[in-house]
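In this note's numbering, the protein residues as written are 5 to 508.
Beta carbons are placed, not taken as given, at the ideal position from N, Cα and C, and that holds for glycine.
Each remark here refers to the structure printed beneath this line.
Have a look at this one:
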């Protein structure tokens, strides 16, 4: 059986015929040795045909189609012209690099394809010697074609990534969590380090960010005076604390530190301050991103919990596809599998535990409110994912429903029905986004017109068939009112019944 190998290059498609297929398949080590030697490889492989891409756009289209497992038209035409027609006496196999492409070629062109055995080694040799196997082709031109196609393909993949907005949220929340850990660690370090010189400052300024700012400003405690009071008031936002810092510096029990040590403490405190400020900027950026991508989820459970849910699911689309039961325990997978393994109680909540609603509920109602909140989160994520013009109207309505449910668990006050709340939210959303409703009404009117036209056409066709099948016995006169929608037929039937009763 003859063997042909298809090789997809950035410059075009090439088909090679392989000699002595049986020996090659049996002696794979010999194939590996002959791959690096061009003269030996030429004795095994021969170029059958080469079809270059006409433009860079055509190359990109072909690569995208192959990556999706679709046979491009250029490839099918090329293979039809190069490969011999398969018959009982003339059977052959086409070697391909990708199993999906081989399956697609087998379905489209009815060609027997293979991607195992000696095919990978032969393709490796073709890839190694390709510029020398094709006439008029050089290493430089091959590199230029590969570089251009690689850039355009990567650009296309990044451009059409449907989760690109979600990726910003995922990276932001991951960086925010890391910054919280780092700032906490560095703040504890600066407290411990500066306390050798000024130990009383820890009790006066308990906040980490303010402590770093005060340490950066004070430096040597002996340099503090009454002139520093105004600046300290601006930093700590409290005149009493500022005065307490100055008083404590005069009778501090801390030891004296050299200039170089104070310089290092000052630099480190400056870094901690900058990190804290950047953390606030990042939180504001996350807030704006969540408002654009998932406003309803943001209104319901906040920026950070919503972003963590999206990050754990992988994207907003994946979160929207999850059922409420999965959203409820998202983030508690270890506890869930441990409970299933030990046959104990499964966890009631995962990442939703960080929501304020869970903390406000009683111990016996935490599981209930967690289940209810997961249901509302699932609805909010689906609205955010699949709506054309997202707004936070539904998120506010869902949040109020959770608040009402909390009141119901505490005081027994019956909440409003879900139908009423959603109806009000729909009306509010229609007021906020009238353009979308106008488009919707236009579509409805078009559909209504189309239905009316279809009904009229069907009515005309029915009249024509009735006229054709009429026998002259008055059947047309009886069935015409039915086509017009008038209930005359029933009246006539009643009259006929009355006449029959009178005759009897």
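- Ranking 341, 269 and 94 by CA distance to the CA of residue 220 puts 269 first.
- Residue 93 sits in coil when the DSSP states are folded into three classes, being neither helix nor strand.
- When beta bridges are read from the DSSP output, residue 117 appears opposite 98.
- Check the Cα spacing between residue 371 and each of 356, 229 and 69: the tightest is with 356.
- Residue 148 and residue 20 have their C-alpha atoms roughly 23 angstroms apart.
- Straight-line spacing of the CA atoms in residue 426 and residue 420 works out to 10 angstroms.
- Residue pairing by DSSP puts residue 12 in a beta bridge opposite 17.
- The residue from 430, 103, 112 and 113 with its alpha-carbon nearest to that of residue 119 is 103.
- For residue 78, the closest C-alpha among the options 88, 123, 430 and 61 is that of 61.
- With respect to residue 236, residue 249 sits close: the two C-beta atoms are nearer than 8 angstroms.
- The beta carbons of residue 365 and residue 397 sit no closer together than 8 angstroms.
- Between residue 406 and residue 361, the gap from beta carbon to beta carbon is short of 8 angstroms.
- Residue 179 and residue 277 have their alpha carbons spaced roughly 17 angstroms apart.
- Pairing residue 8 with residue 82, the inter-Cα distance amounts to about 13 angstroms.
- Just so you know, the alpha carbons of residue 422 and residue 202 end up roughly 60 angstroms apart.
- Non-local C-beta neighbours of residue 57 in its own chain, meaning closer than 6 angstroms and more than five positions away in sequence, comprise 16 and 63, ordered along the chain.
- Residue burial annotation: residue 94 is exposed, with fewer than 16 other C-beta atoms found within 10 angstroms of its C-beta.
- The alpha-carbon separation between residue 224 and residue 188 amounts to approximately 24 angstroms.
- In the DSSP secondary-structure assignment, residue 7 is bridged to 22 and 97.
- Each residue's CA atom was taken as its position, placing residue 90 and residue 155 some 38 angstroms apart.
- Taking C-beta atoms under 8 angstroms as the contact rule, residue 176 and residue 326 fail to qualify, at a distance of about 21 angstroms.
- Residue pairing of residue 51 in beta bridges, as defined by DSSP: 20.
- Within the DSSP secondary-structure output, residue 56 pairs in a beta bridge with 16.
- The shortest CA-to-CA distance from residue 200 to any of 216, 256 and 402 is the one to 256.
- Separation of the CB atoms of residue 254 and residue 209 is rounded to 17 angstroms, and the pair is thereby denied contact status at 8 angstroms.
- With contacts defined as CB atoms closer than 8 angstroms, residue 353 and residue 383 fail to qualify as a contacting pair.
- Here DSSP, grouped into helix, strand and coil, assigns residue 271 to helix.
- Judged by DSSP secondary structure, residue 257 falls outside any alpha helix (DSSP H); it is assigned neither H nor E.
- Within the same chain, Cβ atoms closer than 7 angstroms to the Cβ of residue 410 are found at 361, 364, 365 and 373, the five residues on either side in sequence being excluded.
- Residue 123 sits buried, since 16 or more C-beta atoms from the chains shown fall within 10 Å of its C-beta.
- DSSP places residue 350 outside any alpha helix (DSSP H), giving it a letter other than H or E.
- Between residue 376 and residue 348, the alpha-carbon positions lie close to 23 angstroms from each other.
- Shown here, residue 330 sits in a helix according to DSSP, grouped into three states.
- Remark: C-beta atoms of residue 138 and residue 18 approach each other more closely than 8 angstroms.
- Listed in chain order, the non-local C-beta contacts of residue 286 below 8 angstroms within the same chain comprise 176, 179, 180 and 183, local neighbours out to five positions each way being set aside.
- Secondary structure within the region 177 to 230: the alpha helix (DSSP H) runs of 4 or more consecutive residues, fully enclosed, are 205 to 208 and 212 to 222 (chain order).
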